[in-house]
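Structure first, then comments.
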Amino acid sequence: MTTTLPAPGAPGASSSDAVRVLGLSDTEAVRAVLDIDPVASCMLAARVEARGADPTAIGGEIWSTGVLADSLCFVGTTIIPLAGGPEATRLFAERAIEQHRICPSLVGPADVVLDMWCHLDPAWGPAREVRACQPLLAMLDAPTCVVDPAVRQVRAEELDEYLNASVQMFIGEMGVDPRNGDGGRGYRRRVAGLIEAGRAWARFEDGRVIFKAEIGSQSRSVSQIQGVWVDPEFRGRGLGTAGVAAIAAAVHRSGRIPSLYVNSFNEVARASYAKAGFTRIGTFATILVS
């Protein structure tokens with residue numbers, strides 16, 4: 001069944017007329033659309049499944065211009081445009097610009113993200129970095145390599161060691177220090193929350209984290225792995241492949257699909273994930289705005 005909102009306006013209308021902010025009453029309709037591609041929509045599905053489509057509960061607004069399957073965008077700290085043709089992405093961008101604040105990043109299906117950024121760029125650009133091709137991977141069967149039995153969930157008392165590795169990973173991946181702005185209090189809370197939820201994984205050697213990763217988003221059917229990092233001193237030994245495979249195996253045991261996305265230029269990581277048993281099912285893009 002196609003879920004359609006009341007017609008908001010004619011083509012070419014302003015964003016204030018054409019974009020509707022969805023609410024709690026739209027929850028089931030939104031979930032039905034997210035279920036069409038559960039891997040690509042995991043980041044938003046995790047929020048909606050837990051708290052519904054209420055903007056006050058999920059840390060941002062969900063927008064649409066009509067048929068939800070054809071135009072759906074989450075706008076919070078990060079913008080996640082999941083569906084939209086040229087007209088919808090133009091209207092989404094105009095609405096975002098009208099809010100007089102700049103979101104630090106956009107992430108989602110590459111065609112929608114890049115199209116929306118074309119409309120945002122004149123007002124928000126230039127981007128700090130455009131990652132236009134990030135293969136979206138999923139492991140539909142069991143891992144195809146040996147898993148690392150030493151990789152386990154991180155304990156609460158190991159927060160400091162895990163946090164240090166997380167900061168190193170973040171700086172290397174994003175080019176900024178996640179502790180900037182508030183002295184690291186917010187990032188520490190986020191990492192502590194992942195540990196408390198059982199979604200932070202690591203291998204320790206003599207109290208030192210030599211491999212880490214976490215499940216950043218988790219819906220009822222998909223777990224999205226992120227933050228994969230191996231201590232530089234231990235790279236080239238297969239720890240990343242076996243470590244991610246261990247997490248993926250645990251995800252499979254929970255009845256979910258393990259997924260992740262990776263930069264196309266990172267040939268080492270792509271080969272590692274392929275060896276572990278991940279296959280490409282789509283393409284994401286990320287825009288780092290500030």
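Heads up: the sequence shown begins at 1 in full-length UniProt numbering, then just goes up one per residue.
C-beta: ideal position from N, C-alpha, C; glycine also.
Please read these numbers as outputs of a predicted model, since none were measured by experiment.
Check	Outcome
C-alpha gap between Ala127 and Ser290, whole angstroms	7 Å
Within 7 Å, strictly: CB atoms of Arg101 and His119	no
Limits of the unbroken beta strand (DSSP E) element including Val107	105-109
Residue of Ser219, Ala192, Met139 minimising C-alpha distance to Asn164	Ala192
Reference Gly59, options Ala40, Asp70, Val39, Ile80, closest by Cα	Ile80
Contacts around Val33, its chain only, beta-carbon distance under 7 Å, and the 5 residues preceding and following it disregarded	Thr3, Leu68, Ala69, Leu72
Rounded separation between Thr241 and Ala200 - CA only	17 Å
Contact under 7 Å by Cβ, Trp63 with Ile287	no
Residue from Val251, Phe204, Glu205, Val209 with nearest C-alpha to Ile225	Val251
Cβ contact check for the stretch 148-167 and the stretch 277-285: 3 or more pairs under 8 Å	no
Coil, strand or helix - Val21 by DSSP	strand
Secondary structure of Thr56, DSSP reduced to three states	helix
Residue range of the alpha helix (DSSP H) that includes Phe170	159-174
Exposure of Gln218, with buried meaning 16 or more beta-carbon neighbours within 10 Å	buried
Local Cβ density within 10 Å of Gly277, reported as buried at 16 or more and exposed below that	buried
Every unbroken beta strand (DSSP E) inside the stretch 230-265 [3 residues or more]	257-261
Euclidean distance between Cα positions of Val222 and Leu239	23 Å
Contacts around Pro38, its chain only, beta-carbon distance under 7 Å, and the 5 residues preceding and following it disregarded	Ala45, Ser219, Ser221, Val222
Cβ-Cβ distance between Leu106 and Val112 below 7 Å	no
Outcome for Tyr187 when other beta-carbon atoms lying within 10 angstroms are tallied against a minimum of 16	buried
Short Cβ contact (7 Å threshold) for Gly243 with Phe211	yes
Check whether Gly52 and Thr27 have beta carbons under 7 Å apart	yes
Inter-residue CB distance, Ala40 and Leu137 (contact presumed, cutoff 8 Å)	Wrong, their Cβ atoms sit about 11 Å apart, outside the cutoff.
Per-residue burial, Thr65 [other beta carbons within 10 Å of its own, 16 or more giving buried]	buried
Closer than 7 Å to chain D by CB, Ala271	Judged by its chain identifiers, the structure shown contains no chain D, having just a single protein chain.
Within 7 Å, strictly: CB atoms of Arg147 and Ala29	Per the sequence shown, the amino acid found at residue 147 is Val instead of Arg. Cβ distance not < 7 Å, so Val147 and Ala29 don't count as in contact.
Candidates Gly207, Met139, Val130: closest to Ser264 by CA position	Val130
Val209 versus Glu161: straight-line alpha-carbon distance, rounded	7 Å
Exposure label - residue 294; buried when at least 16 CB within 10 Å	The chain is shown from 1 up to 290; residue 294 falls before or after that span and cannot be answered.
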